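Structure first, commentary second.
2 protein chains.
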Amino acid sequence: MNNQQITVKDIARILNLHHTTVSKALRNHPDIRQETKELVFTTAKELDYHPNSLAKSLRNRRSQTIGVIVPTIKNDFFSTVISGIEEVAYREDHNIIVCQSHETVEREILNVSSMVSNLVAGLLISVSQTTRSGDHFRIFEKRKIPLVFFDRVCEDITASKVVADDYQGAFEAVEHLIQSGRWTIAHFSGPETISVSRHRRKGYTDALLRNNLPVDDGWIIQGGFLEEDGSRAFQQVALRGKLPEAVFAVNDPVAIGAYHQIKRLGLRIPEDIALVGFGDNILSSYLNPPLTTVKQSPYELGKISAEIILEQIKNPSEMTNPREEIVKTHLIVRDSTQKTNKGAVE
Amino acid sequence: MNNQQITVKDIARILNLHHTTVSKALRNHPDIRQETKELVFTTAKELDYHPNSLAKSLRNRRSQTIGVIVPTIKNDFFSTVISGIEEVAYREDHNIIVCQSHETVEREILNVSSMVSNLVAGLLISVSQTTRSGDHFRIFEKRKIPLVFFDRVCEDITASKVVADDYQGAFEAVEHLIQSGRWTIAHFSGPETISVSRHRRKGYTDALLRNNLPVDDGWIIQGGFLEEDGSRAFQQVALRGKLPEAVFAVNDPVAIGAYHQIKRLGLRIPEDIALVGFGDNILSSYLNPPLTTVKQSPYELGKISAEIILEQIKNPSEMTNPREEIVKTHLIVRDSTQKTNKGAVE
DNA sequence: CTGAAAGCGCTAACAG
DNA sequence: CTGTTAGCGCTTTCAG
Numbered sequence: 002m003n004n005q006q007i008t009v010k011d012i013a014r015i016l017n018l019h020h021t022t023v024s025k026a027l028r029n030h031p032d033i034r035q036e037t038k039e040l041v042f043t044t045a046k047e048l049d050y051h052p053n054s055l056a057k058s059l060r061n062r063r064s065q066t067i068g069v070i071v072p073t074i075k076n077d078f079f080s081t082v083i084s085g086i087e088e089v090a091y092r093e094d095h096n097i098i099v100c101q102s103h104e105t106v107e108r109e110i111l112n113v114s115s116m117v118s119n120l121v122a123g124l125l126i127s128v129s130q131t132t133r134s135g136d137h138f139r140i141f142e143k144r145k146i147p148l149v150f151f152d153r154v155c156e157d158i159t160a161s162k163v164v165a166d167d168y169q170g171a172f173e174a175v176e177h178l179i180q181s182g183r184w185t186i187a188h189f190s191g192p193e194t195i196s197v198s199r200h201r202r203k204g205y206t207d208a209l210l211r212n213n214l215p216v217d218d219g220w221i222i223q224g225g226f227l228e229e230d231g232s233r234a235f236q237q238v239a240l241r242g243k244l245p246e247a248v249f250a251v252n253d254p255v256a257i258g259a260y261h262q263i264k265r266l267g268l269r270i271p272e273d274i275a276l277v278g279f280g281d282n283i284l285s286s287y288l289n290p291p292l293t294t295v296k297q298s299p300y301e302l303g304k305i306s307a308e309i310i311l312e313q314i315k316n317p318s319e320m321t322n323p324r325e326e327i328v329k330t331h332l333i334v335r336d337s338t339q340k341t342n343k344g345a346v347e
Numbered sequence: 002m003n004n005q006q007i008t009v010k011d012i013a014r015i016l017n018l019h020h021t022t023v024s025k026a027l028r029n030h031p032d033i034r035q036e037t038k039e040l041v042f043t044t045a046k047e048l049d050y051h052p053n054s055l056a057k058s059l060r061n062r063r064s065q066t067i068g069v070i071v072p073t074i075k076n077d078f079f080s081t082v083i084s085g086i087e088e089v090a091y092r093e094d095h096n097i098i099v100c101q102s103h104e105t106v107e108r109e110i111l112n113v114s115s116m117v118s119n120l121v122a123g124l125l126i127s128v129s130q131t132t133r134s135g136d137h138f139r140i141f142e143k144r145k146i147p148l149v150f151f152d153r154v155c156e157d158i159t160a161s162k163v164v165a166d167d168y169q170g171a172f173e174a175v176e177h178l179i180q181s182g183r184w185t186i187a188h189f190s191g192p193e194t195i196s197v198s199r200h201r202r203k204g205y206t207d208a209l210l211r212n213n214l215p216v217d218d219g220w221i222i223q224g225g226f227l228e229e230d231g232s233r234a235f236q237q238v239a240l241r242g243k244l245p246e247a248v249f250a251v252n253d254p255v256a257i258g259a260y261h262q263i264k265r266l267g268l269r270i271p272e273d274i275a276l277v278g279f280g281d282n283i284l285s286s287y288l289n290p291p292l293t294t295v296k297q298s299p300y301e302l303g304k305i306s307a308e309i310i311l312e313q314i315k316n317p318s319e320m321t322n323p324r325e326e327i328v329k330t331h332l333i334v335r336d337s338t339q340k341t342n343k344g345a346v347e
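Below, the structure written as structure tokens:
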């Protein structure tokens, strides 16, 4: 027989100790004297002992695993956030278990349930586009499991939240457009259900107001987060006859969709239409002209989220004062809003 | 008290049943009569019962979790593979736990150990750049845990393997260059340790040989998988004075690095130098001219890998005959090798 | 069809 | 400093 795993009992039997002594030694408990510890450690190594985390977690009523739920992992932004989370979790001896909601609440609810079943030490989540109520998150409160929202947060739940400075980023982007002489600026907005969309939209309207420009809801086109939404939005605007001088898109994919549509209609960027995105997608710098955009820091965002949740895991009293972390954004001005003498990145 | 989780015992107490009966009912065991089952199901729902997967796994000596180790998740290719894996795993009621090796064996070994400790039902791995021996994978054989390599495989370990058709893809790419009249073709190769690099290189040399062209090792530049490796390689070639008519890069990032360097030197693509990559990175179509490349199917690759491992999990006897799945690639001809009347994607 | 007994591998609390 | 006892929540086996 072979697939038998080595346990503390095996080590104990060999050394003529009790298995609890071995357990303590392995965890470097002060009770045990150095000599014994060394003995235990070396034989553990010799036998290629792998502690059974499941048994430990069952006993401790909590695992060493952090759950992560994202709309999809097939996405620059989220995969980079996850990378940041994994990095921090790894340092603190935790694993991450990843699920995708695919933008549906139903799936998100199942994901949550699976996380609970797995006794995750904490959950990091960016909610789906279709998530309206946050009722399925109440169980974390009940079970006292730390919960942290990142990027797309759920406003009716009290929990720590880590987001990019969507409002400020949008504000600066639009102000930049205004400063460069554009007064009629359309906004291709994201789903109203998502906090991110609302904040960016607010940044847009506030920048207009601050500059004494009228806010015309006709210039706000509601849509999704995808490239096709951007194309569609620009088509819609173009059909009306009167074009804006600039477009501020809720994110880079939407801006890229608009970009293609603008080119298709034979218009020039930025001469006819200036264009700004959000997110600093890697593609943006490769467009011609390259896209002015707002840089977020997804890796940072992931790291901060992970740090907060680990803090709460180590120190449960932290859970009572939820933190709201806002990660700074930076406007990156490129040729889609301002002709410089530099060409596209080549 | 609140964070108390509901257990089968709680349900049993309420219904005046034994907890084992409840357990059986919950799993739809034929022993239990319909009436009882329904009773159990409804009260479970009422109490918001979440089964404890850890206890179940401990008892069954195997979890419902599939481990995934990749060099990094912050990468189009790998994040798409993972997305495919997650999708299939989800359908079969499994979770995935993701680790990054960051291209170091040391970390990979730790990751493996953590997977074993977590009693993963199986492991999917794409090995790190620095992994030479596969000794740390022997434990899976010993413990009879299914192991599947994808993309970057470990040749000295007997296990199922899922790879893109690197050889054929490279062969076709180089043949395409030859057909279009290029006879001196440089190859910017990846690390020799990695199977992917070796296969693509073999496809390159075989295509030359098949067409009665000489294989000159001087045209093969060894490097890594990154953009900077591509820049460096082209610089090296350029220094020699004699330029090749075409470059076949081991992957798209390397091709993109070469692309920048070529442009920087004032050379034209494809007139002076034709350029081919591998992987159909999203960026490739946005270059100017867009890059001819070999399309892999990372999502498919992930799905197939997951299907194989789930097959082996369900049916352990499958483990004795390891499968080798080769996913077809497709050459995508764009303007970096062939001037058409179409411009860049815009 | 339902129940009792036993144990997965680990750790906390307490006793010696 | 080491050992004993007990149990985390679940499932398997076997008895009723």
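Line by line, the protein sequences are chains A and B. Just so we're aligned, residue 2 is where the first sequence starts under this note's numbering, counting upward by one. Just so we're aligned, residue 2 is where the second sequence starts under this note's numbering, counting upward by one. Glycine included, every Cβ here is placed at the ideal spot set by N, Cα and C. Please read these numbers as outputs of a predicted model, since none were measured by experiment.
What residue range is occupied by the uninterrupted alpha helix (DSSP H) comprising residue i?
{"i": "V175(A)", "result": "167 to 180"}
{"i": "Q1(B)", "result": "With chain B covering 2 to 347 only, the question about residue 1(B) has no answer from this structure."}
{"i": "D253(A)", "result": "253 to 265"}
{"i": "I270(A)", "result": "No alpha helix (DSSP H) contains I270(A), which DSSP labels as neither H nor E."}
{"i": "K38(B)", "result": "35 to 47"}
Just how far apart, CA to CA, sit residue i and residue j?
{"i": "I98(B)", "j": "T105(A)", "result": "21 Å"}
{"i": "I110(A)", "j": "N212(A)", "result": "44 Å"}
{"i": "R183(A)", "j": "G267(A)", "result": "20 Å"}
{"i": "P72(A)", "j": "Q130(A)", "result": "8 Å"}
{"i": "V334(B)", "j": "V117(A)", "result": "48 Å"}
{"i": "F141(B)", "j": "H51(A)", "result": "12 Å"}
{"i": "S115(A)", "j": "Q35(B)", "result": "26 Å"}
{"i": "I305(B)", "j": "V149(B)", "result": "10 Å"}
{"i": "G278(A)", "j": "T194(A)", "result": "20 Å"}
{"i": "N3(B)", "j": "R62(A)", "result": "Note that N3(B) has pLDDT 47, beneath the 50 cutoff, so the model's placement of it is unreliable and no number is given."}
{"i": "P291(B)", "j": "Y287(A)", "result": "11 Å"}
{"i": "L59(A)", "j": "L59(B)", "result": "8 Å"}
{"i": "R202(B)", "j": "F189(B)", "result": "9 Å"}
{"i": "I181(B)", "j": "T338(B)", "result": "Sequence check: residue 181(B) is Ser here, not Ile. So the two alpha carbons sit approximately 8 Å from each other."}
{"i": "E272(A)", "j": "H261(B)", "result": "27 Å"}
{"i": "D166(A)", "j": "H103(A)", "result": "25 Å"}
{"i": "L27(B)", "j": "P147(A)", "result": "28 Å"}
{"i": "S134(A)", "j": "D157(A)", "result": "7 Å"}
By the DSSP assignment, the beta strand (DSSP E) with residue i in it spans what residues?
{"i": "T294(B)", "result": "294 to 296"}
{"i": "I333(A)", "result": "331 to 333"}
{"i": "A187(B)", "result": "186 to 190"}
{"i": "Q236(B)", "result": "No beta strand (DSSP E) contains Q236(B), which is instead part of the alpha helix (DSSP H) from 228 to 240."}
{"i": "V349(B)", "result": "This structure does not reach residue 349(B), given that chain B is present from 2 up to 347, and the question cannot be answered."}
{"i": "L148(A)", "result": "148 to 151"}
{"i": "V328(B)", "result": "325 to 328"}
{"i": "I222(B)", "result": "221 to 223"}
If distances are taken between C-alpha atoms only, which option among the options comes closest to residue i?
{"i": "T1(B)", "options": "R324(B), H95(B), E272(B)", "result": "Since the displayed chain B opens at 2 and closes at 347, residue 1(B) lies outside it and no answer follows."}
{"i": "E229(A)", "options": "L59(A), A259(A), L240(A)", "result": "A259(A)"}
{"i": "T159(B)", "options": "V277(B), K143(B), L332(B)", "result": "K143(B)"}
{"i": "G219(B)", "options": "G204(B), F235(B), A208(B)", "result": "F235(B)"}
{"i": "I257(A)", "options": "I283(A), E246(A), A165(A), S58(A)", "result": "I283(A)"}
{"i": "F226(B)", "options": "V197(B), T22(B), V216(B)", "result": "V197(B)"}
{"i": "A122(B)", "options": "D336(B), I327(B), I314(B)", "result": "I314(B)"}
{"i": "P299(B)", "options": "I310(B), D281(B), P323(B), K145(B)", "result": "D281(B)"}
{"i": "A1(A)", "options": "L16(A), N76(A), S64(A), V113(A)", "result": "Not covered by the structure: residue 1(A). The range shown for chain A is 2 to 347."}
Report yes if the C-beta distance between residue i and residue j is below 8 Å; otherwise report no.
{"i": "G85(A)", "j": "T330(A)", "result": "no"}
{"i": "D253(A)", "j": "S232(A)", "result": "no"}
{"i": "G191(B)", "j": "G224(B)", "result": "yes"}
{"i": "S127(B)", "j": "R153(B)", "result": "yes"}
{"i": "K25(B)", "j": "D32(B)", "result": "yes"}
{"i": "V238(B)", "j": "L244(B)", "result": "yes"}
{"i": "E87(A)", "j": "I70(B)", "result": "no"}
{"i": "L18(B)", "j": "G68(B)", "result": "no"}
{"i": "E325(A)", "j": "K162(A)", "result": "yes"}
Which runs of the beta strand (DSSP E) fall wholly inside the stretch 57 to 114 of chain A and span at least 3 residues, in chain order?
If one requires a minimum length of 3 residues, the beta strand (DSSP E) runs lying completely within the stretch 57 to 114 of chain A are 66 to 71, 96 to 101, in chain order.
Mind pulling the alpha helix (DSSP H) runs of 4 or more residues that sit fully within the stretch 118 to 162 of chain A?
Restricted to the stretch 118 to 162 of chain A, the alpha helix (DSSP H) segments that are unbroken, complete and at least 4 residues in length are 139 to 143, listed in chain order.
Hey, which unbroken runs of the beta strand (DSSP E) at 3 residues or more fall wholly within the stretch 272 to 312 of chain A?
Fully enclosed beta strand (DSSP E) runs of 3 or longer: 275 to 277, 294 to 296.
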